[in-house]
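Input: a single structure, listed below in structure tokens.
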């Protein structure tokens, strides 16, 4: 938990500091927080009674847990519900649509959150009040009457071949090159990548399994270049840590390059790839963009949409298509091929 917080701080400062300053900040943080512990101050609503707001939240959380929501997703739901409740200082059954319009307006105007973030928060609250209404804990869902947000559709670009080459060239450390090749060749989510151990990877068959969203397991495959650099990185690990490949089996797949070789967190991977992006002079580099590039390139090379869906862990084709940038040149060539 402490390491993730420290990496979040570094990530937040990455736009304001150069690479040397970021490295110094990271070193100072680790020195100052060495042997320190973080105790989470849980935000709870203190009300009494069986129909209290606290019980409503607990029941909602339990229902989401049963439906397969991951803990990280549940944290986002509960945090927003409690933030809303505390900001309005009312019991859930007393909160009105006007109250929520004021709350969302304050978030937008004074907190400066984006429309996309606001839409996500509205979705969390709508899910919560829909649950309360179904369970007859409230008479009304005040979120339902709030108009849908109009959000401009922006095309999120995949990496070009030239950008990918620059990123790979800039990844001079065996771990960094293996990490980028792994992200690109598998389309894995960064949270899934960070949960992997060395023993989860079948190096001979070049495949592995991950537990994705909704507790759904899927099989992913590793390209020859990614497999080569992964083996090269693991060889470096064995030399550095003085372990055999069998002894590494229960160790995290991607770790820090310094002792005690701790597991890379999501924030750590985000910081790392952004740092490589700056070195390669490639803008907007983040782990999710490798996933988008994977889906785009697989479709561009002729893989069927249903197959890409399986690899991405999607249940709807439109979700997969959101990730992809279909090249106009491919559309033109397909038209020439299939048009009468």
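Numbering (the working numbering), first residue to last: 9 to 348.
All C-beta atoms, glycine included, are put in the ideal place defined by N, C-alpha and C.
When 274, 29 and 211 are compared, the shortest CA-CA separation from residue 13 is found for 274.
Uninterrupted alpha helix (DSSP H) stretches at least 4 residues long and entirely within the segment 302-334 occur at 313-320 and 325-331, given in chain order. Residue 117: member of the alpha helix (DSSP H) spanning 105-117, first to last residue. Secondary-structure assignment with DSSP links residue 227 through a beta bridge to 217. In the structure shown, residue 18 adopts helical secondary structure according to DSSP, grouped into three states. In the displayed model, residue 263 falls within a strand according to three-state DSSP.
The C-beta of residue 219 has fewer than 16 other C-beta atoms within 10 Å across all chains shown, which makes the residue exposed.
When rounded, the separation of the alpha-carbon atoms in residue 110 and residue 205 is 46 angstroms. With contacts defined by Cβ atoms closer than 9 angstroms, residue 183 and residue 265 form a contacting pair. Under the 8 angstroms Cβ criterion, the segment 285-292 does not count as touching the segment 223-240, having fewer than three qualifying pairs. With a cutoff of 9 angstroms on beta-carbon distance, residue 133 and residue 92 are scored as near each other.
When C-beta atoms of the segment 300-309 are compared with those of the segment 185-195, three or more pairs fall below 8 angstroms, so the two segments count as touching. Apart from sequence neighbours up to five positions away, the residues of its chain that approach residue 82 with a beta-carbon distance below 7 angstroms are 69, 72 and 73, ordered along the chain. When secondary structure is reduced to three states using DSSP, residue 153 falls in the coil class, being assigned neither helix nor strand. Within its own chain, the residues whose Cβ lies closer than 8 angstroms to the Cβ of residue 199, once the five positions on either side in sequence are excluded, are 80 and 274, listed in chain order. The beta-carbon distance between residue 295 and residue 316, rounded to whole angstroms, is 18 angstroms. This is too long to meet the 8 angstroms contact definition. Residue 202 is positioned such that its CB atom lies closer than 9 angstroms to that of residue 271. For residue 205, the secondary structure class from DSSP, reduced to helix, strand or coil, is strand.
Between residue 229 and residue 141, the alpha-carbon positions lie close to 44 angstroms from each other. As the crow flies, the alpha-carbon of residue 283 is around 12 angstroms from that of residue 29. Non-local C-beta neighbours of residue 97 in its own chain, meaning closer than 8 angstroms and more than five positions away in sequence, are absent.
Residue 289 sits in coil when the DSSP states are folded into three classes, being neither helix nor strand.
For the pair residue 95 and residue 215, the Cα-to-Cα distance works out to about 48 angstroms.
Under DSSP, the beta-bridge partners assigned to residue 210 are 215. DSSP places residue 299 within a helical segment (H, G or I) once states are collapsed to three. Comparing alpha carbon positions, the residue from 208, 306, 61 and 99 closest to residue 227 is 208.
Under a 10 Å Cβ-count criterion, residue 64 is classified as buried, with 16 or more other Cβ atoms of the shown protein chains found around its own Cβ. A Cβ-Cβ distance of about 11 angstroms is found for the pair residue 223 and residue 321, leaving them out of contact under the 8 angstroms criterion. According to DSSP, residue 271 shares a beta bridge with 263. Per the coordinates, the alpha-carbon of residue 212 lies some 16 angstroms from the alpha-carbon of residue 241. The DSSP-derived three-state label of residue 100 is helix. In the three-state scheme derived from DSSP, where H, G and I count as helix and E and B as strand, residue 77 is classed as coil.
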